[in-house]
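**Student:**
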Amino acid sequence: MGALIDPNDPIIEAPHKVAIYGALITGWVSIPLLFHYPSASLFNHYLVTAAPPEIGDADTCLEVGMWAWAWMEPSTGALSFFLLCMQFAREQSIAIGGDSFHGRLAEWQGKRLAAAYPEYDYKIVHAYGAIRAHLDDTNDLLREQLEIEALLLKAEPEESPAVPER
Numbered sequence: 802m803g804a805l806i807d808p809n810d811p812i813i814e815a816p817h818k819v820a821i822y823g824a825l826i827t828g829w830v831s832i833p834l835l836f837h838y839p840s841a842s843l844f845n846h847y848l849v850t851a852a853p854p855e856i857g858d859a860d861t862c863l864e865v866g867m868w869a870w871a872w873m874e875p876s877t878g879a880l881s882f883f884l885l886c887m888q889f890a891r892e893q894s895i896a897i898g899g900d901s902f903h904g905r906l907a908e909w910q911g912k913r914l915a916a917a918y919p920e921y922d923y924k925i926v927h928a929y930g931a932i933r934a935h936l937d938d939t940n941d942l943l944r945e946q947l948e949i950e951a952l953l954l955k956a957e958p959e960e961s962p963a964v965p966e967r
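Just add 801 to the spot in the sequence shown (first one is 1) and you have the numbering used here.
So this is what it looks like as structure tokens:
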């Protein structure tokens, strides 16, 4: 069962990885685009085409930030508002009984696992698959199996010579 629940499934990981790496790259790139004049000027030249600052108006990183913020603020403000609205919509959906993306993913994983093992109780296998949606427990299951086998070997009664009754 653990092998069927693959936490490294590209379909499952793709949206999360895109969001993680996109946020990291965007966050780190935004700092030089805002405060480093050569980076901000290059970005402005190719993508924004705003008027460059006058000589002496961008001598410090804060002055560069004031100039660059004029064209960065609308996009960052719009993106921030979009994320705020998405978070609000998600919370409202959950408040009325809807599922989050992770909840839908866990449900799909539970159904997939239960369908793969129809000989077992559907509810138990479905619940197990939903709980373990992002976890690979193959090693845990193998370790537990070895522990159980070791306990069973210890529990087997040893053959002892019969003691005559008196």
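Even for Gly, the Cβ is constructed at its ideal location relative to N, Cα and C.
1) When the Cα atoms are used, what is the spatial distance from Ile932 to Leu952?
2) Could you tell me if Leu835 is buried or exposed, where buried requires 16 or more neighbouring beta carbons within 10 angstroms of its beta carbon?
3) If Trp870 and Ala859 are in contact, beta carbons under 8 Å, what's the gap, nearest whole angstrom?
4) Look up Ala851 in the DSSP assignment and say whether it is helix, strand or coil.
5) First and last residue of the alpha helix (DSSP H) that includes Ser842?
6) Determine the extent of the alpha helix (DSSP H) in which Thr877 is found, giving its start and end residues.
7) Mind checking whether Gly930 and Arg913 have CB atoms under 9 Å apart?
8) I'd like to know whether the C-beta atoms of Thr877 and Ser831 end up nearer to each other than 9 Å.
9) Mark Asn845 as exposed unless 16 or more other C-beta atoms lie within 10 angstroms of its C-beta, in which case mark it buried.
10) Please classify Ala915 as buried or exposed, where buried requires at least 16 other C-beta atoms within 10 Å of its C-beta.
11) Just how far apart, CA to CA, sit Gln910 and Cys862?
12) Helix, strand or coil for Asp766 per DSSP?
13) Would you say Ser901 and Arg891 are within 9 Å of each other, going by their C-beta atoms?
14) According to the neighbour-count rule (16 or more other Cβ atoms, all chains shown, within 10 Å of its Cβ), is Val819 buried or exposed?
15) What's the gap between the Cα of Leu954 and the Cα of Gln888?
**Tutor:** For this structure:
1) 27 Å
2) buried
3) Their Cβ separation, rounded to whole angstroms, is 12 Å, which puts Trp870 and Ala859 out of contact at 8 Å.
4) coil
5) 838-844
6) 862-896
7) yes
8) yes
9) buried
10) buried
11) 50 Å
12) Look at the range of the chain in this structure, 802 to 967, and you will see that residue 766 is not part of it.
13) yes
14) exposed
15) 54 Å
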